[in-house]
Every structure is written in C-alpha cells, then in structure tokens.
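Q: Note that the working numbering numbers the sequence shown so that position 182 is 190, with each residue one more than the last.
Ideal Cβ placement from N, Cα and C applies to all residues, glycine included.
Take this structure, written in structure tokens, and hold onto it; I'll ask about it next.
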Amino acid sequence: MMEKIKSYLKLFRVKQWIKNGFVFCALIFSRSFTNTDNIFVTIKAFIAFCFVSSFVYIINDASDIEKDRMHPVKKNRPLASGKVSLKEGYILAFIMIFAACGISYNINSLLLRITLLYAVLNILYTYKLKNIAIIDVMSIAAGFILRVAAGAVAIDVKLSSWIIICTGLLSLYLGFGKRKNELYLLKVGAGTHRKTLSQYSEEYVDRILLMLLGLTIISYILYCIDGTEYARMIYTIPFVIYGTLRYEMLLSTNKMGGAPEEVFIQDKPFLVNIVLWLVTCLWAVAL
C-alpha cells in the first residue's frame, strides 16, 4: 500500500510543486503579505496550481510513455515503469484537474480561467508545441507567467510589468537549461527522445543561455531601480546575481542544473541564497 502511495506521489511530481512558488510573487512584491486574508487566498491558489500541474504531468507522462521507457532516467517514472497503470493515471489526472478548478472557482472566476488556460496550454505543449523548436521553451515560460498572473488575480492586485518580464526571461533561461541537460544526457540519441533536440546544438543552447542570463539580471536590476516604489529592493540585487551565476555554474558542470527543483532542494548554497533573497525582499517592501 505504501509503495503504491509513493508511486502516486512520484506521478504527481510533488518535488516540482516548488515551481508553483511563482504564485506568491504578487503577495510579496505588492506588500499584500501584511493581510492575513491575502495570505490564505494565495496559499489556496498555490494548491490549485499544484493540482493542475500534477494533472499536466500525468497527461504528459501518459503521452510520452514509450519514449520515457528508452530514457536513462525517465524510464523509472511510475507510468513508464508500470508501477501505475494508464487507467489509474487518467483517473488521478481527472481528480487533479477537478480539484484545481474547484479551488480556483472558490476564489474567483478569473482565476478559474487562468487555471484552465494553463491546463490547455500544457495539453497543447504535450501534443504539439513541444515538437516545435524555440516555441517549446517559450510555452514553458508562458506557464510560469500564468503562475505569476494567477497569484495577482487571486488577491486582486496589479503587478509591475518588470516582474512579468523578469519571470519570462528567467523561465526561458531555466527551459533552455533543461534542454542543455537533455542534450548532455542523451547525446546522439537526443533527437529520438525529443524531436526538438535534433534542432538544438550545445553551442547554440550555450549562447542562448548566456544571453538570457544577462537579460534576466539586467531586467531585475531595472525593476529594482525603476519598476518598484520600494527603494530598498536594490539590496536584493546581489542575491539574484549570485543565484543565477550559481545555477549557471551547476548547469555548465553538468551536475543538476537540468532540474531546477533539485537545485532548490539539494544545493545548500543556492537554498541559503534563496532564503536570504526572500528575507531581504520582505524587509525591503515591509518598511
């Protein structure tokens, strides 16, 4: 029984729920965390996005089940390994999307629309967009932007356009980082696992990563200088620079940069930096 539960949790990709932390951006950067109701509403929106993202992961795993069986790491996923049947997977996916929509609607109808848009975008990604070079990574970035938008809609606040730009650039960087990691792991067989990998070269991806790294840092600096009313936000800049450079180092040494959620959990310097950045952000906007 316990093994089955573990397989279900692995199917839900609980570790990757950390990506839904982008839902909290609006709560932090609009100073809404001083309102208890806003905190609870944002937590509910976060849970809704955890459920809808699990729905997406299950649908994606079901679609890629044969390809995953040939992947050195993904072959151990619950559906690919046979620990969870396809029928069970689809039932769990239905439960996840139903729960996500129910929670979203309980907050407001606009959040429900964003939740459904996120689900539709990712279904399109699973069956079509992931096979189109560059569009595949842009689709992933759009998903992160929708997370940020969901947090703002949930508590009815307007975010700076710079936050949206920073989110988009950062998620593009993370997306291409994942592609680089896949090219490294799969080497000559990369194109057979993911069609777009045959159109990417490591040299091209490296150039894109360096460009996005610079743009992400610059856009965040511009936000801190000109995009926010909180002057103390400039003190968060060193943490962003360190965090992005640390991630690039892990990616370049082919350690664990291809899985952002693993970096957040396992790399202690990165985790400490995130905590310090968050504490500094709260201090900057609270005073």
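Which residue comes first and which comes last in the alpha helix (DSSP H) that contains D45?
A: Mapped onto the sequence shown, residue 45 falls at position 37. It spans 44 to 71 - the alpha helix (DSSP H) in which D45 sits, taken as one unbroken run.
Q: Determine contact between the region 178 to 191 and the region 266 to 276, defined as no fewer than three beta-carbon pairs at a distance below 8 Å.
A: Verdict: yes, contact present.
Q: Tell me, to the nearest whole angstrom, how far the beta carbon of Y228 is from that of T288; I am working on the premise that it is less than 8 Å.
A: Counting from 1 along the sequence shown, the entry for residue 228 is found at position 220. Counting from 1 along the sequence shown, the entry for residue 288 is found at position 280. At roughly 13 Å, the Cβ-Cβ gap does not stay under 8 Å, so Y228 and T288 are not in contact.
Q: So, for R39: in the same chain, excluding its five sequence neighbours on each side, which residues have a beta-carbon less than 6 Å away from its beta-carbon?
A: Taking the first residue of the sequence shown as position 1, residue 39 is located at position 31. So the qualifying residues of the chain are V293.
Q: Measuring CB to CB, does G151 end up less than 8 Å from Y126?
A: Here residue 151 corresponds to residue number 143 of the sequence shown, with the count starting at 1. Here residue 126 corresponds to residue number 118 of the sequence shown, with the count starting at 1. Result yes, Cβ atoms of G151 and Y126 sit closer than 8 Å.
Q: Note down, in chain order, each residue of its chain lying with its Cβ closer than 7 Å to the Cβ of C58, except the 5 sequence neighbours on either side.
A: As a working mapping, residue 58 is identified with position 50 in the sequence shown. Cβ within range, chain order: W25, N28.
Q: So within the region 207 to 269, which uninterrupted alpha helix (DSSP H) runs reach at least 4 residues, ignoring any that extend past its ends?
A: List check, alpha helix (DSSP H) in window: 210 to 230, 245 to 260.
Q: Is there contact here, the region 122 to 137 with the region 73 to 82, by at least three beta-carbon pairs under 8 Å?
A: As far as the Cβ criterion goes, the region 122 to 137 does not touch the region 73 to 82, which means the pair count is below three.
Q: So, with DSSP's three-state summary, where would you put A162?
A: For the purposes of this step, residue 162 is identified with residue 154 of the sequence shown, where counting begins at 1. Here A162 sits in helix by DSSP.
Q: Taking DSSP as the reference, what is the three-state secondary structure of A141?
A: Along the sequence shown, read from residue 1 onward, the residue named residue 141 stands at position 133. The answer is coil: DSSP assigns A141 none of H, G, I, E or B.
Q: Might you give, ordered along the chain, the residues of its own chain that have their beta carbon closer than 7 Å to the beta carbon of T224, omitting 5 neighbours on each side?
A: Here residue 224 corresponds to residue number 216 of the sequence shown, with the count starting at 1. Taken in chain order, the residues that qualify are C174, L177, L178, Y181, T252.
Q: DSSP on S93, reduced to helix/strand/coil?
A: Taking the sequence shown and counting its residues from 1, one reaches residue 93 at position 85. In this structure, S93 counts as coil in the three-state DSSP scheme.
Q: Between A101, S61, L221, D72, which has its C-alpha nearest L154's C-alpha?
A: Taking the sequence shown and counting its residues from 1, one reaches residue 154 at position 146. Measuring from the Cα of L154, the nearest candidate turns out to be S61.
Q: Enumerate in chain order the residues of its own chain whose CB-to-CB distance from Y208 is below 7 Å, with the five nearest sequence positions on each side excluded.
A: Here residue 208 refers to the residue found at position 200 of the sequence shown. Contacts found: A141, R187, L191.
Q: Rounding to the nearest angstrom, what Cα-Cα distance links P246 and I163 in this structure?
A: Taking the sequence shown and counting its residues from 1, the one referred to as residue 246 is at position 238. Taking the sequence shown and counting its residues from 1, the one referred to as residue 163 is at position 155. For P246 and I163, the distance between alpha carbons rounds to 29 Å.
Q: If you compare alpha carbons, which of A70, C232, V165, S260 is closest to F41?
A: In the sequence shown, counting from the first residue as 1, residue 41 sits at position 33. With distances taken between Cα atoms, F41 lies closest to V165.
Q: Please report the straight-line C-alpha distance between Y113 and L120, rounded to a whole angstrom.
A: Within the sequence shown, numbered from 1, the residue matching residue 113 stands at position 105. Within the sequence shown, numbered from 1, the residue matching residue 120 stands at position 112. Roughly 5 Å separates the two Cα atoms.
Q: W25 CB to nearest chain C CB: under 8 Å?
A: The structure shown has no chain C; it contains just one protein chain.
Q: Among residues of its own chain, excluding the 5 on either side of M241, which ones have a beta-carbon nearer than 8 Å to its beta-carbon?
A: To locate residue 241, count along the sequence shown from 1; it is residue 233. Once the five neighbours on either side are set aside, the close Cβ partners of M241 are Y231, C232, C289, A292, V293.
Q: Quick check on this structure: which residue in Y255, T204, M104, N116 has the alpha carbon closest to the alpha carbon of M146?
A: Locating residue 146 in the sequence shown gives position 138, where the first residue counts as 1. Taking only the C-alpha atoms, the option nearest M146 is T204.
Q: Return the chain-ordered list of same chain residues with a C-beta closer than 7 Å to the C-beta of I105, the five sequence neighbours on each side being excluded.
A: Along the sequence shown, read from residue 1 onward, the residue named residue 105 stands at position 97. Counting only Cβ-Cβ distances below 7 Å, and skipping sequence neighbours, we find V60, F63, A127.
Q: Between which two residues does the alpha helix (DSSP H) containing F37 stretch?
A: Your numbering for residue 37 matches position 29 in the sequence shown. It spans 33 to 37 - the alpha helix (DSSP H) in which F37 sits, taken as one unbroken run.
Q: Please return the same chain residues whose Cβ sits closer than 8 Å to the Cβ of T123, not counting the five positions on each side in sequence.
A: Counted from its first residue, the sequence shown places residue 123 at position 115. Cβ within range, chain order: A56, F57, V60, A108, C109, S112, A158.
Q: In whole angstroms, give me the CA-to-CA distance for D72 and K95.
A: If you number the sequence shown from 1, residue 72 lands on position 64. If you number the sequence shown from 1, residue 95 lands on position 87. Approximately 15 Å, taken between the alpha carbons.
Q: Could you please give the first and the last residue of the uninterrupted alpha helix (DSSP H) stretch that includes W291?
A: Walking along the sequence shown from the start, residue 291 turns up at place 283. Element bounds for W291: 276 to 294.
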